[in-house]
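> This is the structure, below, for whatever I ask next.
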Amino acid sequence: MTQKVAVAMSGGVDSSVAAALLKEQGYDVLGITLQLHDRKGTGSTSFDSCCGSSDMADARSVAETLGIPHYYFDYVDNFRESVISYFKESYLAGETPNPCIACNQYVKFDRLLRQAETLGADYLATGHYARIENNGQCFVLKKAIDPDKDQSYVLYRLHQPQLSRLLFPIGHYTKPQIRELAHRLGLQTADKPDSQEICFVPNNDYREFLAGEIPEGQRPAGPIRHKDGRLLGRHKGLPFYTIGQREGLGVAVGHPLYVTGIDRRSNTLVVGRKEDVMASRLIIREVSWGSGQIPGLPRPIQLKIRYKHKEAPATLDAGSEGMFLAVFEKPQSAITPGQAAVFYEGETVLGGGVIDHAI
Numbered sequence: 425m426t427q428k429v430a431v432a433m434s435g436g437v438d439s440s441v442a443a444a445l446l447k448e449q450g451y452d453v454l455g456i457t458l459q460l461h462d463r464k465g466t467g468s469t470s471f472d473s474c475c476g477s478s479d480m481a482d483a484r485s486v487a488e489t490l491g492i493p494h495y496y497f498d499y500v501d502n503f504r505e506s507v508i509s510y511f512k513e514s515y516l517a518g519e520t521p522n523p524c525i526a527c528n529q530y531v532k533f534d535r536l537l538r539q540a541e542t543l544g545a546d547y548l549a550t551g552h553y554a555r556i557e558n559n560g561q562c563f564v565l566k567k568a569i570d571p572d573k574d575q576s577y578v579l580y581r582l583h584q585p586q587l588s589r590l591l592f593p594i595g596h597y598t599k600p601q602i603r604e605l606a607h608r609l610g611l612q613t614a615d616k617p618d619s620q621e622i623c624f625v626p627n628n629d630y631r632e633f634l635a636g637e638i639p640e641g642q643r644p645a646g647p648i649r650h651k652d653g654r655l656l657g658r659h660k661g662l663p664f665y666t667i668g669q670r671e672g673l674g675v676a677v678g679h680p681l682y683v684t685g686i687d688r689r690s691n692t693l694v695v696g697r698k699e700d701v702m703a704s705r706l707i708i709r710e711v712s713w714g715s716g717q718i719p720g721l722p723r724p725i726q727l728k729i730r731y732k733h734k735e736a737p738a739t740l741d742a743g744s745e746g747m748f749l750a751v752f753e754k755p756q757s758a759i760t761p762g763q764a765a766v767f768y769e770g771e772t773v774l775g776g777g778v779i780d781h782a783i
C-alpha cells in the first residue's frame, strides 16, 4: 500500500524539492501551506516575508507543477498565541527568544502534524536541513550533510512520537544540490532567495516590532551601569537589549562596551568589556531528550548555545531542581538566557534546553 505524505510547503525551494523528491520516491504526496501571520499592526505596507501571500502563490504553483493536491490552512491565531506571545513575553522577562524553535514545537510538529493525520497522511515532511535515522533502539535526530545549512539546532525538542512520523528529505543534500534538483525538476522556486528574517518581523527590526506590540516595554527607562558600578546613562527599556550587544547602547567610556547583564528587578542594564561577556558555566532548564530518556551523566558533549554558534566541548551534568549544569572547556562569549543550549554527540542530537543563566 502506498504511503501518504503531507509536505509543509512554505513556497521556498527547500520544501518544493522535498515534495518533488518524495513524489519521485513513490509516495502519495499532498502539500499543505499555512498562513501564519498577516500584516495587521506591522506598520509596513510592503511586509511580505516568509509565509506571505507571494509564498502561498509559489507553493500552490509548485503543487500544480508536481500534480499533487494542495491545501491551505489559516493558523494566524494559533501562531500569535504560541509564537508571537512567547516572543514578546521572553523579551519582557529580560531574555532573548528563539521563535523558530517555538514555531517548530507548537505549530509545525504539533498542530500541523495532527492536521496531516486528519488528511490521512502517514507522515509529515518539511524542508528542514536535518536527518532522522532509526538506530535499532529509537529514532535519532542528526545533523544535515550540509554544515552551512544544518537546522538540527532548532529541532532539538522533537521526541519519539514525532520523530517516527517525520521525514526530512533534503537533509542528505547540500544547498547547491537542492537548487540543481529544482532546476532539473522545472520548479519555479529554483532560484528563489532564502528568507533570512524572523518571518513576522518587518524589515527584521525586532525593536520596532516590540515597540508596536509592547509599548510598555519602552517604559520606564532605567540606568545603564558599568559592571564596576559606575552610572553611564539611561537605557530605552530592557526588552530592547540582549546579552553581548554592542551597538546602540548610546554611551561611551573610551573602550567598546557590551551588554553583560539585564536586571529586571532594578530595571538596570549592565555593561562591561568584551571579557566580561565570557563564561564557562551555564544552567539549563526545560531540558528534553530525543530518546525520551536521560543518558548517563556526567558526560562529555559538544554544546551549541546559538544557531550560528559553533558547538564547543563541554561536560553536562545534572543540577538541582530539575535543571542541568554545563561546563565548557574554554569560555564562550555571550551565553544568553532564553536561547537554546543543544547537546550533540558527533552528528547526533541528544537533546537540549533553555539557557537559564550563565555563571
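Residue numbers (my numbering): 425 to 783. Every residue, glycine too, gets a C-beta built ideally from N, C-alpha and C. Source: prediction; values computed, not measured.
1) What is the C-beta distance between G777 and R709, in whole angstroms, given that I count them as a contact (C-beta under 8 Å)?
2) Are the stretch 586 to 595 and the stretch 529 to 540 in contact at 8 Å, needing three or more beta carbon pairs?
3) If you follow the alpha helix (DSSP H) that V500 is in, where does it begin and where does it stop?
4) What number of angstroms, rounded off, separates the C-alpha of V677 from the C-alpha of Y515?
5) Straight-line CA distance for I718 to Q561?
6) At what residues does the alpha helix (DSSP H) containing H607 begin and finish?
7) If you draw a straight line from the C-alpha of T684 to the C-alpha of Q539, how long is it?
8) Do T772 and V564 have their C-beta atoms closer together than 7 Å?
9) Apart from the five residues on each side of it in sequence, which residues of its chain come closer than 8 Å, Cβ to Cβ, to A738?
10) Can you tell me whether A742 is buried or exposed, with buried defined as 16 or more other CB within 10 angstroms of its CB?
11) How would you call M425, buried or exposed, if buried means at least 16 neighbouring beta carbons within 10 angstroms?
12) For the candidate residues I492, T613, V578, R649, whose alpha-carbon lies nearest to that of H733?
13) Expressed to the nearest angstrom, what Euclidean distance is found between the alpha-carbon atoms of L490 and L446?
14) With P617 as the anchor, note down where its alpha helix (DSSP H) starts and where it stops.
15) Run the CB neighbour count on A444, radius 10 Å, all protein chains shown included, and call it buried at 16 or more, exposed below.
16) Does the separation of the CB atoms of V695 and H650 fall below 7 Å?
17) Measuring only the C-alpha atoms, how far is D570 from L774?
18) Looking only at its chain, what residues have a beta carbon closer than 6 Å to the beta carbon of G595, apart from the 5 residues adjacent to it on each side?
19) With A369 and A442 assumed to form a contact (beta carbons below 8 Å), what rounded beta-carbon distance in angstroms separates them?
20) Ordered along the chain, which non-local residues of its own chain (more than five positions away) have a Cβ less than 6 Å from that of Y731?
Put simply:
1) 6 Å
2) yes
3) 500 to 503
4) 27 Å
5) 15 Å
6) 599 to 608
7) 43 Å
8) yes
9) P724, I725, Q726, L727, A750, V751, F752, E753
10) exposed
11) exposed
12) V578
13) 11 Å
14) From DSSP, P617 is part of no alpha helix (DSSP H); its letter is neither H nor E.
15) buried
16) yes
17) 19 Å
18) Y553, A554, R555, A568
19) Any property of residue 369 remains undetermined from this structure, which presents the chain solely from 425 to 783.
20) Y577
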